[in-house]
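One structure below.
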Amino acid sequence: MMQELKHGVLTNYIDGKYAEHRGDFIDVYSPVDGSIIAKSPLSTYDELDSAVKKAREAFPGWAAVPIKERVQVFYRYKALLEENLEDLAKTASEECGKTIGESIASVQKAIEVVEFACSLPQIIAGEILEVSSGVECRIDKYPLGVVASIAPFNFPVMVPHWTMPNAVALGNCMILKPSELVPVSSMKIAALLKQAGLPDGVFNIIHGSREIVEGICDHPGIEAVSFVGSTKVAKIVYVRATSNLKRALCLGGAKNYLIVTPDANPDMTGSNVAASMSGCAGQRCMAAAVMIAVGDVDHIIKKLVAEAEKIVPGKNLGAVITREAKERIESYITGAEKAGAKILVDGRGAVVPGKENGYYVGATVIDHVTPDMKAATEEIFGPVISIIRAKNLDEAIAIENASNYGNAASVFTQSGLIAREVYKRASAGMIGVNIGVPVPREPFSFGGWNESKFGVGDITGKSSVEFWTKPKKTTVKWNAEAKCNWMS
Ligand code: NAD
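Adding 31 to a residue's 1-based position in the sequence shown gives its number in this note's numbering.
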């Protein structure tokens, strides 16, 4: 039975070796067709502890390597990612359900972060100043030690790359805890890092679920914890890690609002909103969740509906992660319908011929949602857009501002003035103007506001340098008058 699993029985990855696990395993399903593709360890605290020990042993050696040499590993790693792009994208698709095109794009984004990591020597050069005669102050950035990265299911390759390349290039050693739903891609990442020449112990993987996350928050040998996942768990991890005096940055869930005004370009807006809400089956923290229709935008809604009707599950729409996720998403649609909203495009009950056991929800457009409905406020995390009608821009911005979340917000308009009002007043960390998925490209950093992020700074880009390093301030004075010269 076990030999038949496409990706076999996974191990942990500790000190550059595949460390067999002897306890319980969890079945890993492919959402594409519902088949079991691997078994993943439910690791114990002892396994985490041995990974931390090995990482701590590796740290002094790795930290001592000058950064210009450390990033050479990442130049080689980038080339390997490019060579293996198709295989990585296929694996990510199998385990998280994305279309192959979406997976390729996600690996390309991972590569972009690696490029940024390669440029870190140019960015982290320190500062030096003669502060008074003969006295110099300098600042150097030091790595923290062993750090952890806890990842969600929705981007098995990309999200670990938000943290790993920068943290490791800056001299830290890392423990990655992938989502137990998508553990396979991370093993391929480890193999490529080894091939690129990363010393053993610098990057380690411990599989598991809640217990391992709690262990990471508590382990005294871990200096910093980064987390990406739901808001509920982000809060738990942030509180637990910081109460153990660790540095923490925890990115949470999202509910992204797109404001559409009557002057918006109908074709561009219709296709952008449809792509934003349905890309990656709506399972991305930057997906459009609510379209706030300001005034009469029925002509744009018609375009959106026409675009949504072209989206075919199993073809240009991937699967959602689990059967429970499919049921949850469909229950939000039914709940909105019962509360009086109007379903314009209905994705419930989607079945893909030949993949009847896969987990699919079709693209769904719900109109006349009101701000008090769950479909307006809660994260659905599926290919669903709720349309709320607003009388004017002030009302639209007030609806956006009332959200607990604050990852992204967008405005679709031809008016610079309207665009400016929205990007100045929206309560979100990433804003789009005529862009449905406003992910900042490197070197601009990624991170939301409100309950979409806990901790200071952002997870990628220049902002990440502050998170993964600590500044050392050195003041130097050489006393020429003392005339001591032990060298002569
Ligand atoms: P999740 O919170 O369920 O899981 C994330 C990680 O936490 C996993 O590794 C999981 O094993 C672990 N975990 C789960 N429950 C836990 C618990 N009770 N205690 C400790 N650890 C626990 O998230 P998910 O379902 O894997 O991912 C989807 C969520 O991630 C969505 O809410 C999405 O918006 C969010 N997300 C946010 C961003 C962002 O940049 N803000 C990016 C990607 C995904």
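Using N, Cα and C, we set each Cβ at its ideal position, and we do this for glycine too.
*Locate the beta strand (DSSP E) running through residue 436, then write down its first and last residues.*
Counting along the chain, residue 436 falls outside any beta strand (DSSP E), and DSSP gives it neither H nor E.
*By Cβ distance, which residues of its chain are closer than 6 Å to residue 422, with the 5 residues on each side in sequence left out?*
none
*For chain B, find out if any of its Cβ atoms is closer than 7 Å to the Cβ of residue 414; answer yes or no.*
Absent from the structure is chain B; it holds one protein chain and no more.
*Mind checking whether the beta-carbon of residue 73 lies closer than 6 Å to any heavy atom of ligand 1?*
no
_Span of the alpha helix (DSSP H) around residue 498_ = 492-499
_Using a Cβ-Cβ cutoff of less than 6 Å, which residues in the same chain neighbour residue 428 once the five nearest sequence positions on both sides are dropped?_
456
*Have a look at residue 138 and residue 308 and give me their C-alpha separation to the nearest angstrom.*
20 Å
*asked:* I need the boundaries of the alpha helix (DSSP H) containing residue 307, first residue and last residue.
replied: 297-309
*What do you get for residue 278, buried or exposed, if any count of 16 or more other CB atoms within 10 angstroms of its CB means buried?*
buried
_Own chain residues within Cβ distance below 8 Å of residue 131, not counting five before or after_ = 120, 121 and 124
_What I want to know is whether the C-beta of residue 207 ends up closer than 6 Å to one or more non-hydrogen atoms of ligand 1._
no
*asked:* If the criterion is Cβ atoms closer than 7 Å, does the pair residue 522 and residue 243 meet it?
replied: This structure does not reach residue 522, given that the chain is present from 32 up to 519, and the question cannot be answered.
*Within 7 Å, strictly: CB atoms of residue 437 and residue 476*: no
_Residue burial classification, residue 314 (beta-carbon count within 10 angstroms, cutoff 16)_ = buried
*Please work out which residues of its chain come closer than 7 Å, Cβ to Cβ, to residue 287, disregarding the five sequence neighbours upstream and downstream, and give them in chain order.*
317, 318, 319, 320, 438, 439 and 440
*Quick one: is the Cβ of residue 316 within less than 6 Å of any heavy atom of ligand 1?*
yes
_Along the chain, where does the beta strand (DSSP E) containing residue 56 start, and where does it finish?_
56-60
*Contact under 7 Å by Cβ, residue 363 with residue 411*: yes
_Proximity test, residue 358 beta-carbon vs ligand 1 heavy atom, cut-off 6 Å_ = no
*Under 8 Å by Cβ, that's how I've got residue 183 and residue 144 pegged, so tell me the actual separation to the nearest angstrom.*
Incorrect: roughly 16 Å between the Cβ atoms, too far for contact.
*Nearest to residue 590 by CA position, among 146, 112 and 488, is which residue?*
The structure shown does not extend to residue 590, since the chain spans only 32 to 519, so no value can be given for it.
*asked:* So for residue 33, helix, strand or coil by DSSP?
replied: Bear in mind that a pLDDT of 46 at residue 33, under 50, signals an unreliable position, so the model cannot answer this.
*residue 463, enclosing beta strand (DSSP E) - first and last residue*: 461-464
*Report all residues from its chain with a CB closer than 8 Å to the CB of residue 397; omit the five preceding and five following residues, and keep chain order.*
364, 367, 368, 372, 373, 374, 375, 406, 415, 416, 417 and 418
*Please report how far the alpha carbon of residue 80 lies from the alpha carbon of residue 486, in whole angstroms.*
25 Å
*Determine contact between the segment 168-183 and the segment 452-470, defined as no fewer than three beta-carbon pairs at a distance below 8 Å.*
no
*So is the beta-carbon of residue 469 under 6 Å away from any non-hydrogen atom of ligand 1?*
no
_8 Å CB neighbourhood of residue 424 in its chain, flanking five on each side removed_ = 290, 292, 325, 449, 452 and 453
*Please list the segments of the alpha helix (DSSP H) lying wholly inside the segment 305-343, counting only runs of 4 or more residues, in order along the chain.*
329-340
*asked:* Going residue by residue through the segment 217-274, where are the continuous beta strand (DSSP E) segments of at least 3 residues, counting only ones entirely within it?
replied: 234-236 and 255-259
*Under the criterion of a Cβ to heavy atom distance below 6 Å, does residue 185 qualify as lining ligand 1?*
yes
*Using the Cα positions of residue 177 and residue 498, report the straight-line distance between them to the nearest angstrom.*
13 Å
*Can the beta-carbon of residue 141 be found closer than 7 Å to that of residue 188?*
yes
*For residue 278, which of helix, strand or coil comes out of DSSP?*
strand
*What residues are listed by DSSP as bridge partners for residue 373?*
398
_Is any non-hydrogen atom of ligand 1 found closer than 6 Å to the C-beta of residue 264, if you look at the structure I gave you?_
yes
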